[in-house]
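Chemist: Sequence lines, in order, name chains P and U. Here the first sequence is numbered in numbering that gives the first Met the number 0, starting from 0 and rising by one per residue. Here the second sequence is numbered in numbering that gives the first Met the number 0, starting from 0 and rising by one per residue.
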Amino acid sequence: MRKPVSTIYRALLMTVLFIAGILAQRVGLITYITDPYEYPVILDLLLRHLYLVAVSMSYATVIGLAAGILFTRKRFRRYAGICMYILGLGQTIPSLAILALSMSFLGIGTKPAIFALTIYSILPIARNTLAGIFAVPASMIDAGRGMGMTSLGILLEIEIPNSMKIILTGFRVALIINIGTAALSYLIGAGGLGDLIFTGISLMQTEKLLAGAIPITLMALLADLLCELLGLILVSKGLRLSRGEKAV
Amino acid sequence: MKKYSEFLSIMIIFSVLSFSLQAYAEDREITLGGKNFTEQYLLTELAGILLEKSGFKVNMKTGVGSVIARKSLENGQFDLYFEYTGTAYTVYFAQKDREIMADPDKVYQWVKKADENKGLIWLDPILLNNTYTVMMRQKQAEALGIKTISDLAAYVNTHPDELEFALESEFWERPDGFKEMMKHYGFRLPPGQVKKMSVGLTYQALKNGHVNSAMGFATDGRIAAFGFTSLTDDKSFFPVYNPAPVVRKKILDTYPQIRSLLKPLAASLTTYEVRILNSKIDVEHEPVRKTAEAWLRSKDLIK
Numbered sequence: 000m001r002k003p004v005s006t007i008y009r010a011l012l013m014t015v016l017f018i019a020g021i022l023a024q025r026v027g028l029i030t031y032i033t034d035p036y037e038y039p040v041i042l043d044l045l046l047r048h049l050y051l052v053a054v055s056m057s058y059a060t061v062i063g064l065a066a067g068i069l070f071t072r073k074r075f076r077r078y079a080g081i082c083m084y085i086l087g088l089g090q091t092i093p094s095l096a097i098l099a100l101s102m103s104f105l106g107i108g109t110k111p112a113i114f115a116l117t118i119y120s121i122l123p124i125a126r127n128t129l130a131g132i133f134a135v136p137a138s139m140i141d142a143g144r145g146m147g148m149t150s151l152g153i154l155l156e157i158e159i160p161n162s163m164k165i166i167l168t169g170f171r172v173a174l175i176i177n178i179g180t181a182a183l184s185y186l187i188g189a190g191g192l193g194d195l196i197f198t199g200i201s202l203m204q205t206e207k208l209l210a211g212a213i214p215i216t217l218m219a220l221l222a223d224l225l226c227e228l229l230g231l232i233l234v235s236k237g238l239r240l241s242r243g244e245k246a247v
Numbered sequence: 000m001k002k003y004s005e006f007l008s009i010m011i012i013f014s015v016l017s018f019s020l021q022a023y024a025e026d027r028e029i030t031l032g033g034k035n036f037t038e039q040y041l042l043t044e045l046a047g048i049l050l051e052k053s054g055f056k057v058n059m060k061t062g063v064g065s066v067i068a069r070k071s072l073e074n075g076q077f078d079l080y081f082e083y084t085g086t087a088y089t090v091y092f093a094q095k096d097r098e099i100m101a102d103p104d105k106v107y108q109w110v111k112k113a114d115e116n117k118g119l120i121w122l123d124p125i126l127l128n129n130t131y132t133v134m135m136r137q138k139q140a141e142a143l144g145i146k147t148i149s150d151l152a153a154y155v156n157t158h159p160d161e162l163e164f165a166l167e168s169e170f171w172e173r174p175d176g177f178k179e180m181m182k183h184y185g186f187r188l189p190p191g192q193v194k195k196m197s198v199g200l201t202y203q204a205l206k207n208g209h210v211n212s213a214m215g216f217a218t219d220g221r222i223a224a225f226g227f228t229s230l231t232d233d234k235s236f237f238p239v240y241n242p243a244p245v246v247r248k249k250i251l252d253t254y255p256q257i258r259s260l261l262k263p264l265a266a267s268l269t270t271y272e273v274r275i276l277n278s279k280i281d282v283e284h285e286p287v288r289k290t291a292e293a294w295l296r297s298k299d300l301i302k
């Protein structure tokens, strides 16, 4: 039963790839990206894009995790709601507006772009850290305390490992949004693949538009896959979903 | 029962009324397009106000790149927008004849004729030349002894890693844009020193010292206000860019009055005036509509 389905699936995939190839050739994408003068430029933009994403994501992860952990501590717990609300504001402002706002006090270039992307990515991480830690059963923490663990021990050995899956989901969401949003940073002079997309739009050059959009899509897919792998490493075996169970 | 029929009749009257109103509005509806920089917002607004005052219902769709504006006109999504003679000549018709493109009249006649076959009519051109220009901060330009683009080229050739340049990606790619300009003047800026950004930001970037040189538009008020100098195009690379309303023939045939309605703009809008208006918008941050209305009023074009 399994075999014919996968054969059909494979045939379909081949057809789709084939058609995509023809289309890419038709709009001049292949000629464009293999042009010896153009591909170093594209590569350069791709690296800039990766750089923006990597730097802003590391900031966002550190800040998000810290905020999430801080507001699950007993002393700060009552501020959790208001803090998440403030962080949430960062996400409700349109991404373009955040870029423009950060530009108004950080100037033009890489700095404001990284700042804006960071602001934009903190919320999913912080919120999921908070939710993940809150979801750890109180009985587990009690058990830990009963065994004489310190608060730090409880955090590192019980709370974080048990909420890792939810934190990772937040990280994944943030990362994928970040990759897409980074395309806008061209507008404030930070480069990235958005350069190709906006050139493509303003001059109706489809090959440029695709040369910018396709790598971004692939990057997002790849990031998703990497998060999956990261889950295998970071989430302890006992907590992983058993096969066939649907992820939340 | 009576109440019900009353209600029904009122509803019918209302719907008939609104229907006829709508039909009337559609009769005189016109879509004005515009590109994505200050002068275009201004020109579109000026034309929009003039048309509105004579009873048109005007939809404005501004903020697109050149090629999109052109395509939208061809597809009938725009009925009218202001295009520059030099842009049409070099970008849409891919022409290179320097003798034609340096002469305002010749290039206007050329594009006018070429577009007639496509059902697009060029109305009276406005005699201001909104050419692309290469700007530097006055002080730095003086310190480096750069007055013309040739000077800049020579400087870049001897100091290849020094100057950074802010521009918009459209200008980078266009046949009358930066890549071709570098070829024409015989210099090459390393790609890392070209900072691409959204079109209005280049002035800010140059002002704040993020770059040493930037592209701009000759009629932009910020050149004077921010203390920039425009480098002379001494090897006449750039064509003449006179804006003119381009309208679809079908629309012009239906409303021939458009031609005479927009004529006053061509007669009274000069480079000097548009520079002042642009600077009101960009430097003093006045709303475009207010600026446009005040100017029209000062010229007695509206009451």
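Using N, Cα and C, we set each Cβ at its ideal position, and we do this for glycine too.
Do Thr198(P) and Glu172(U) have their CB atoms nearer than 8 Å?
Modeler: Cβ atoms of Thr198(P) and Glu172(U): closer than 8 Å.
Chemist: With H, G and I counted as helix, E and B as strand and the rest as coil, what does DSSP make of Phe237(U)?
Modeler: Note: Phe237(U) maps to coil in three-state DSSP.
Chemist: Can you tell me whether DSSP reads Arg27(U) as helix, strand or coil?
Modeler: Three-state result, Arg27(U): coil.
Chemist: Give me the residue from Val133(U), Tyr91(U), Lys289(U) and Phe227(U) with the minimum Cα distance to Ala113(U).
Modeler: That would be Tyr91(U), whose Cα lies nearest to the Cα of Ala113(U).
Chemist: Quick one: Cα of Ser57(P) to Cα of Phe55(U), how far?
Modeler: C-alpha separation (whole angstroms): 55 Å.
Chemist: Measure the CB-CB distance between Asp219(U) and Asn128(U) and report whether it falls below 8 Å.
Modeler: Taking 8 Å as the Cβ cut-off, Asp219(U) and Asn128(U) do not qualify as a contacting pair.
Chemist: What does Leu319(U) touch in chain P if you count any residue whose Cβ is under 9 Å from its own?
Modeler: The question about residue 319(U) has no answer, for chain U in this structure spans 0 to 302.
Chemist: Using a Cβ-Cβ cutoff of 9 Å, what residues of the segment 155–184 of chain U are near chain P? List them in chain order.
Modeler: Per Cβ criterion, the list reads Ala165, Glu167, Ser168, Glu169, Trp171, Glu172 and Arg173.
Chemist: Hey, which unbroken runs of the alpha helix (DSSP H) at 4 residues or more fall wholly within the segment 18–71 of chain P?
Modeler: Within the segment 18–71 of chain P, the complete alpha helix (DSSP H) runs of at least 4 residues are 28–33 and 38–69.
Chemist: If you reduce the DSSP assignment to three classes, tell me which class Asn156(U) lands in.
Modeler: DSSP places Asn156(U) in helix when its eight states are reduced to three.
Chemist: Just the Cα atoms here: how many angstroms apart are Ile21(P) and Thr205(P)?
Modeler: So the two alpha carbons sit approximately 14 Å from each other.
Chemist: Let me confirm a value: Ile18(P) is counted as buried when at least 16 other C-beta atoms fall within 10 Å, else exposed. Which label applies?
Modeler: Exposed: under 16 other Cβ atoms inside 10 Å.
Chemist: Mind listing the chain U neighbours of Val26(P)? Cutoff is C-beta to C-beta under 8 Å, in chain order.
Modeler: Correct list: empty, because the minimum Cβ distance to chain U is about 15 Å.
Chemist: Might you give, ordered along the chain, the residues of its own chain that have their beta carbon closer than 6 Å to the beta carbon of Phe81(U), omitting 5 neighbours on each side?
Modeler: Taken in chain order, the residues that qualify are Leu42, Pro242 and Pro244.
Chemist: Does DSSP put Val234(P) in a helix, a strand or coil?
Modeler: Reduced to three states, the DSSP call for Val234(P) is coil.
Chemist: In the structure shown, what three-state DSSP assignment does Ser120(P) receive?
Modeler: Note: Ser120(P) maps to helix in three-state DSSP.
Chemist: So which residues on chain U does Val40(P) lean against when the C-beta distance must stay under 9 Å?
Modeler: Chain U residues near Val40(P): Pro190.
Chemist: In the DSSP assignment, what residue or residues form a beta bridge with Met134(U)?
Modeler: Per DSSP, Ala213(U) and Ser229(U).
Chemist: Suppose only complete runs of 4+ residues qualify. What are the alpha helix (DSSP H) ranges in the segment 82–125 of chain U, listed by chain order?
Modeler: Counting only runs of 4 or more, we get 97–100 and 103–115.
Chemist: Find out if the Cβ-Cβ distance for the pair Asn58(U), Glu28(U) is shorter than 8 Å.
Modeler: The answer is yes: Cβ separation under 8 Å.
Chemist: Let me know the secondary structure DSSP gives Tyr80(U) once reduced to three states.
Modeler: In the structure shown, Tyr80(U) sits in a strand (DSSP, three-state: E or B).
Chemist: Sort out for me which residues DSSP pairs Phe164(U) with in a bridge.
Modeler: Partner(s): Val193(U) and Ser212(U).
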